[in-house]
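Visitor: Chains as they are written, first to last, in the numbering used here: chain B, 56 to 337; chain U, 75 to 344. Don't be surprised by glycine CBs; every beta carbon is placed ideally from N, CA and C. Encoded as structure tokens, here's the structure I'll be asking about.
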Amino acid sequence: MVGKLFKDFSLFSAVLILIILAGIFSILYVYASDSIHQFGFDFFTTKTWVPGEDDDGGVFGGLIPIVGTLLSTLIAMVLAVPIAMGIAIFLTEVAFPWLIKPVSIAIELLAAIPSIIYGMWGLFYFAPIVQELFGGSGVGLLTAGIVLAIMIIPFMSAITKDAMNTVPGVLKESAYAMGATKYEVIKDVVMPYSKTAIIGSVILALGRALGETMAVAFLIGSIVTLPGLITDPTTSIPVLLANNFAEAQDLELSSMYYLALILFAVSFGIISFAKFYFLRRK
Amino acid sequence: MKKRLLLNKIVLMLSTFSALIGLAFLFWILGTLMVKGLSTMHWDIFTNDLVQGGIRNLLIGQFIMALMATAFAVPLGMMAGIYLREYSNNNKLAMIVRNLSDVMMSAPSIVIGVFVYAIYVDKVGHFGGWGGVIALTIMMIPIIVSTTDNMLSLVPKEFREAGIALGGSKHKIIMQIVVKAAKVGLTTGILLSFARVVGETAPLLFTSANNQFLTFNLNDQFPSLTVSIYNLATYPDQASKDLAWAASFVLTVIVLVINLGGRYITRNKD
């Protein structure tokens, strides 16, 4: 009797995860349906975000936050991928054995720091440096992208490192015995062997970067205009939601749900793709 | 020949350089926090509430929400993990749940905030601590599922067989042998996931919102350390900025101490 209850409760808990996921999708869709019916797919190509008179109607399009999200993520990925790979290579192939543990822990601590701290630090200490070097007002796409890169590097390098560690020693030793240099071993043995997991980790980090809110909220400038320059302020989906969701009403609120649905669907798609194709767990 | 060796040197140097960049940022961020945090911190911030320029109510509020979320997420997540590892025989459902739970772990936290706004704030008509608790619970469940799943998989099959040989019923074997054997790893997982949700901001912004006063009523707007940091940092006056730095310092210390503590427990075991 207790055993049966225990088993049923465990099954219920497992199914609950599916229920929550389905719930998120359907609730977002229902609340977004006004906006979806009003704007349809034009939502993706419209750049106006203007409430009507007395909060009645208005025209809302997601182009600017969508572009802002994609561009800040792109900048972050371009910077983060090589550095994360470098760190993973350093930790698996280069570092002295006594150095591996402390450096890994340090990098993982970087991942544990709450994102709001990155935002604060970025706003007060990093943005002025970006302004000095690249001009602009300090906050904008570039600053957001760089800090976003710093945030996803530890995550990406941790998974990549684990993947590289699974390469059998015999394979590497055979290559060394043939006279290969360390770089050749990494390029021709380690990388091909751990390729799928590395790609998976990159896509996973991409999914994270798309949805990151707080660090970007401090740094992207939070204004709904298309950026002309890389240092220009703009906004992203999570940031627009974070700043304006609670005050929005009617059609604007519904459009916010539409944005949330788009963000959720995209990151769900990207992360599932990474999980099912590259990082599948048995 | 020379070119190969040179290329090798360059690549290894670049990789060392990347590690240095990573470490440099860690120390830069932590260093800034130390300097700014310690210079702006007074002991009175721990005895005053936000309304008097302190963070006492914020710390208490943040902990209450994170602890409540833990109280819900740990049993649900662990039971789901137990289903995946002990009952499912790796059937199709288990495969789907396992992978979707991993996907949910990386879902944007702001979207979970939006979802909870729709199912809670919109229904009851006001912000409330329960909203924050629900949002954090949803964030925490997949992490606990994944930890449980992984940790139980490390328990040798022989432990379960020994239990069966003793005539134990399945749920007794699970609770008294398997879970017990995985206790250390599970504790670490719970601590790490607590450290992760206690520093969350985005899912709280429009669920629990914030409160200047101390309250224990989860039906009220609930004080939050992270939401306050976000607000205070953008206020123009220096006193608010200083308080934001002090609060950030306290938050980071808490998160990193729990994180390192969690790791330390497992390290002792090895």
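Do three or more CB pairs link the segment 202–216 of chain U to the segment 141–155 of chain U at distances below 8 Å?
Guide: Counting Cβ pairs under 8 Å, three or more are found: they touch.
Visitor: For Pro106 (chain B), list the residues DSSP reports as bridge partners.
Guide: Mapped onto the first sequence, residue 106 (chain B) falls at position 51. Answer is B:Gly113, bridged to Pro106 (chain B).
Visitor: Alpha carbon to alpha carbon, how far is Glu108 (chain B) from Leu316 (chain B)? Give it in angstroms, no decimals.
Guide: Numbered from its first residue, the first sequence carries residue 316 (chain B) at position 261. Numbered from its first residue, the first sequence carries residue 108 (chain B) at position 53. Whole-angstrom Cα-Cα distance: 26 Å.
Visitor: To which residues of the same chain is Leu299 (chain U) closer than 8 Å at the C-beta, ignoring the five residues directly before and after it?
Guide: The residue labelled residue 299 (chain U) in the question sits at position 225 within the second sequence. Around Leu299 (chain U): Ile129, Leu132, Leu133, Gly135, Gln136, Ala321, Val324, Leu325.
Visitor: Under 8 Å, do Met225 (chain U) and Phe64 (chain B) count as touching if we go by C-beta distance?
Guide: Counting from 1 along the second sequence, the entry for residue 225 (chain U) is found at position 151. Counting from 1 along the first sequence, the entry for residue 64 (chain B) is found at position 9. Cβ atoms of Met225 (chain U) and Phe64 (chain B): not closer than 8 Å.
Visitor: Can we say the segment 223–242 of chain B touches the segment 183–201 of chain B, given the rule of at least three CB pairs closer than 8 Å?
Guide: Because the criterion of three Cβ pairs below 8 Å is not met, the segment 223–242 of chain B and the segment 183–201 of chain B do not touch.
Visitor: Assuming Ala264 (chain B) contacts Ala139 (chain B) (C-beta within less than 8 Å), just tell me the rounded distance between them.
Guide: Translated into the one-based positions of the first sequence, residue 264 (chain B) becomes position 209. Translated into the one-based positions of the first sequence, residue 139 (chain B) becomes position 84. Contact doesn't hold; Cβ gap of about 12 Å is too wide.
Visitor: Write down the C-beta distance between Gly174 (chain B) and Ala270 (chain B) rounded to the nearest angstrom, noting that I regard them as a contact closer than 8 Å.
Guide: Start at 1 with the first residue of the first sequence, and residue 174 (chain B) comes out as number 119. Start at 1 with the first residue of the first sequence, and residue 270 (chain B) comes out as number 215. Rounded, the Cβ-Cβ distance is 4 Å, consistent with contact.
Visitor: Just to check my reading of the structure: Tyr84 (chain B) and Val188 (chain U) have Cβ atoms closer than 8 Å, yes? What is that Cβ distance to the nearest angstrom?
Guide: Residue 84 (chain B) sits at position 29 when you count from the first residue of the first sequence. Residue 188 (chain U) sits at position 114 when you count from the first residue of the second sequence. At roughly 12 Å, the Cβ-Cβ gap does not stay under 8 Å, so Tyr84 (chain B) and Val188 (chain U) are not in contact.
Visitor: So with Cβ pairs under 8 Å, would you call Ile208 (chain U) a contact of chain B?
Guide: To locate residue 208 (chain U), count along the second sequence from 1; it is residue 134. Closer than 8 Å: no.
Visitor: Given that a residue counts as buried once 16 or more other Cβ atoms are within 10 Å of its Cβ, and exposed if not, what is Met179 (chain U)?
Guide: Here residue 179 (chain U) corresponds to residue number 105 of the second sequence, with the count starting at 1. Under this definition Met179 (chain U) is a buried residue.
Visitor: How should Lys337 (chain B) be labelled, buried or exposed, when 16 other C-beta atoms within 10 angstroms of its C-beta is the threshold for buried?
Guide: For the purposes of this step, residue 337 (chain B) is taken as residue 282 along the first sequence, with counting starting at 1. Low local confidence applies: a pLDDT of 47 at Lys337 (chain B) is under 50, so the model's placement there is unreliable, and no value is given.
Visitor: Per the contact definition of three or more C-beta pairs closer than 8 Å, is the segment 274–290 of chain B in contact with the segment 188–208 of chain U?
Guide: Short answer: they don't touch.
Visitor: Which first and last residues belong to the alpha helix (DSSP H) in which Tyr84 (chain B) is found?
Guide: For the purposes of this step, residue 84 (chain B) is taken as residue 29 along the first sequence, with counting starting at 1. Here the alpha helix (DSSP H) through Tyr84 (chain B) covers 57–94.
Visitor: Taking a Cβ distance cut-off of 8 Å, strictly less, list which residues of the segment 161–188 of chain U are near chain B, in chain order.
Guide: The residues in question are Tyr161, Ser162, Asn164, Leu167, Ala168, Ile170, Val171, Arg172, Asn173, Leu174, Ser175, Asp176, Val177, Met178, Ser180, Ala181, Pro182, Ser183, Ile184, Val185, Ile186, Gly187, Val188.
Visitor: Given Thr261 (chain U), which residues of its chain have a CB within under 8 Å of its CB, disregarding the five upstream and five downstream residues?
Guide: Position 187 of the second sequence, counting from 1, holds the residue named residue 261 (chain U). Result list for Thr261 (chain U): Gly336, Ile339, in chain order.
Visitor: Can you give me the Cβ contacts of Ile155 (chain B) inside the same chain, cut-off strictly under 7 Å, excluding the 5 residues immediately before and after it?
Guide: Locating residue 155 (chain B) in the first sequence gives position 100, counting from the first residue. These residues qualify, in order along the chain: Leu146.
Visitor: Counting only Cβ pairs nearer than 8 Å, list the residues of chain B close to Ile212 (chain U).
Guide: Taking the second sequence and counting its residues from 1, one reaches residue 212 (chain U) at position 138. Near Ile212 (chain U) (Cβ distances below 8 Å), the residues of chain B are Ile75.
Visitor: Can you give me the C-alpha to C-alpha distance between Thr236 (chain B) and Ala150 (chain B), rounded to a whole angstrom?
Guide: On the first sequence, position 181 is the one that residue 236 (chain B) refers to. On the first sequence, position 95 is the one that residue 150 (chain B) refers to. Their backbone Cα atoms lie some 16 Å apart in a straight line.
Visitor: Check Gly266 (chain B) in the structure and name its three-state DSSP category.
Guide: Here residue 266 (chain B) corresponds to residue number 211 of the first sequence, with the count starting at 1. Here Gly266 (chain B) sits in helix by DSSP.
Visitor: CB Pro297 (chain U) to CB Ser183 (chain U), shorter than 8 Å?
Guide: Walking along the second sequence from the start, residue 297 (chain U) turns up at place 223. Walking along the second sequence from the start, residue 183 (chain U) turns up at place 109. No; because the gap between Cβ atoms is not below 8 Å, this pair is not in contact.
Visitor: Closer than 7 Å by C-beta to Asp344 (chain U): which residues in its own chain qualify, once you throw out the five before and the five after it? Chain order, please.
Guide: Looking up residue 344 (chain U) in the second sequence gives position 270. Only weak support exists for where Asp344 (chain U) lies, its pLDDT of 46 falling under 50; the coordinates are left without a value.
Visitor: If we call anything under 8 Å between Cβ atoms a contact, is Val252 (chain U) one with Val229 (chain U)?
Guide: Numbered from 1 along the second sequence, position 178 holds the residue referred to as residue 252 (chain U). Numbered from 1 along the second sequence, position 155 holds the residue referred to as residue 229 (chain U). Yes, the Cβ-Cβ distance between Val252 (chain U) and Val229 (chain U) is below 8 Å.
Visitor: Flag Met153 (chain U) as yes if its beta-carbon sits less than 8 Å from any beta-carbon of chain B, otherwise no.
Guide: As a position in the second sequence, residue 153 (chain U) is number 79, starting the count at 1. Closer than 8 Å: yes.
Visitor: Quick check: the segment 187–197 of chain B against the segment 301–312 of chain B, are there 3 or more CB pairs under 8 Å?
Guide: At 8 Å Cβ cutoff, the stretches do not touch.
Visitor: Put Gly234 (chain B) into one of helix, strand or coil per three-state DSSP.
Guide: Indexing the first sequence from 1 puts residue 234 (chain B) at position 179. Residue state, collapsed to three classes: coil.
Visitor: Can you give me the Cβ contacts of Phe333 (chain B) inside the same chain, cut-off strictly under 6 Å, excluding the 5 residues immediately before and after it?
Guide: Working through the first sequence from its first residue, we reach residue 333 (chain B) at position 278. The residues are Thr251, Ile254, Gly255.
Visitor: Just how far apart, CA to CA, sit Gly38 (chain U) and Ser302 (chain U)?
Guide: Lying before the first or after the last residue shown, residue 38 (chain U) is absent from chain U, which here runs from 75 to 344.
Visitor: Pick from U:Ala181, U:Ile186, U:Asp223, U:Thr121: whose alpha carbon is nearest that of Met169 (chain U)?
Guide: Residue 169 (chain U) sits at position 95 when you count from the first residue of the second sequence. Looking at the Cα atoms, U:Asp223 is the closest of the given residues.
Visitor: Taking Leu107 (chain U) as the query, report the chain B residues whose CB atoms sit under 8 Å from its CB, ordered along the chain.
Guide: Here residue 107 (chain U) is taken as the residue at index 33 of the second sequence, counted from 1. By Cβ distance, chain B contributes Ile172, Trp176.
Visitor: With DSSP collapsed to three states, give me the class of Tyr338 (chain U).
Guide: Locating residue 338 (chain U) in the second sequence gives position 264, where the first residue counts as 1. Reduced to three states, the DSSP call for Tyr338 (chain U) is helix.
Visitor: Does the Cβ-Cβ distance between Leu100 (chain U) and Leu203 (chain B) come in under 8 Å?
Guide: To locate residue 100 (chain U), count along the second sequence from 1; it is residue 26. To locate residue 203 (chain B), count along the first sequence from 1; it is residue 148. Not closer than 8 Å, so no.
Visitor: Measure the C-alpha to C-alpha separation of Gly199 (chain U) and Gly113 (chain B) and round it to an integer number of angstroms.
Guide: The sequence position of residue 199 (chain U) within the second sequence is 125, counting from 1. The sequence position of residue 113 (chain B) within the first sequence is 58, counting from 1. Spanning the two alpha carbons is a distance of roughly 24 Å.
Visitor: Could you tell me if Val105 (chain B) is buried or exposed, where buried requires 16 or more neighbouring beta carbons within 10 angstroms of its beta carbon?
Guide: If you number the first sequence from 1, residue 105 (chain B) lands on position 50. So Val105 (chain B) ends up on the exposed side.
Visitor: Chain U partners of Phe300 (chain B), CB-CB under 9 Å?
Guide: To locate residue 300 (chain B), count along the first sequence from 1; it is residue 245. The answer, in chain order, is Ile184, Gly187, Val188, Tyr191, Leu279, Phe280.
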